[in-house]
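A short write-up of the structure that comes next.
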Amino acid sequence: MKAVIFDMDGVIIDSEPFWQRAEFEIFSSLGVVLEEEFTNLTKTMTTVEVTKFWYEKFPWQNKTLEEVEEMVITRVMELIEQVGGEIKGIESFIKKLKSNGFKIGLATNSPYKIIPVVLKKAGIAQYFDIIFSAEFVELGKPDPAIYLMTSKKLGINPENCIVIEDSYSGMLAAKKAGMKVVAFTNGNQDLNLSLADYKMDCFLEHQLTIFS
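Using the numbering used here, the letters of the sequence shown map in sequence onto residues 732 to 943.
Here's what the structure looks like:
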């Protein structure tokens with residue numbers, strides 16, 4: 732393995748509560764009724780897909796899809812800056828990988844503008860060779876395009892990349908791209924591990940043996 736590619740939400744930062752709160756605040760203000768049955772479906776969608784999903788169920792007036800999407804993104808960024816939420820041990824773990832000669836990439840379904848906010852908050856921006864968002868490809872995860880583009884930008888063949896993911900859809904994207912997958916559970920006992928080559932529960936130094 733020559734490169735390690737990190738997912739962002741749930742791997743670098745525990746951002747799911749921020750997304751849930753921002754989406755509830757913004758969409759509810761527009762008359763959307765966020766039923767749990769549907770919010771479970773939207774967890775793995777891009778912000779473009781989520782906004783379109785709710786608009787089709789509860790069409791609102793006076794604001795474009797782009798404006799509403801931007802409102803959600805801005806609120807998430809505010810919450811990250813106010814609260815933080817970076818995953819424990821992430822800085823020392825990435826620093827160690829970098830010192831061991833790995834190229835470091837990031838591939839996320841989240842909008843590109845959120846990435847610098849997260850990396851700055853976690854104190855790890857300087858360790859990444861490439862950051863990439865699904866907004867620059869036609870389809871987000873579970874489509875493999877985001878991982879294929881990240882490996883291309885890193886200059887590393889997909890088979891020499893190992894991906895750290897916390898969701899089944901993300902793992903599926905990485906496997907479709909021909910990469911090895913580390914399932915990062917962070918204590919989640921319900922994570923589907925069927926696609927994982929390895930499992931990590933937390934970012935402790937002994938877990939680095941996976942990458943040796």
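Backbone N, C-alpha and C define an ideal beta-carbon position, used for all residues, glycine too. On a predicted model such as this, the values are computed, not experimentally measured, just so you know.
Here the alpha carbons of N793 and S841 stand approximately 25 Å from one another. If you draw a 10 Å sphere on the C-beta of K906, you find 16 or more other C-beta atoms in it, and that means buried. Nearest in C-alpha terms to W791, of all of T778, E766, G815, S760, is S760. Apart from sequence neighbours up to five positions away, the residues of its chain that approach F824 with a beta-carbon distance below 7 Å are F934, ordered along the chain.
For T839, the enclosing beta strand (DSSP E) stretches over residues 834 to 839. A Cβ-Cβ distance of about 5 Å is found for the pair A908 and L879, placing them in contact under the 8 Å criterion. Under the DSSP assignment, Y786 falls in the alpha helix (DSSP H) whose first and last residues are 778 to 788. Below 8 Å, too few C-beta pairs join the region 856 to 869 and the region 753 to 771 to call them touching: fewer than three.
Between the C-alpha atoms of P875 and T839 there is a straight-line separation of about 12 Å.
Every alpha helix (DSSP H) stretch that sits fully inside the region 829 to 897 and reaches 4 residues is listed by chain position as 845 to 853, 876 to 885.
Restricting attention to L810, Y786, K852, L796, the CA atom closest to the CA of W750 is found in L810. Excluding the 5 residues flanking it on each side, M902 has same chain C-beta neighbours closer than 7 Å at E896, V912, A914, L926, A927, in chain order.
Per DSSP, reduced to three states, the secondary structure at I804 is helical. Selection E797, E822, F833 evaluated against I855 yields E822 as nearest (Cα-Cα). With respect to G836, T881 sits close: the two C-beta atoms are nearer than 7 Å.
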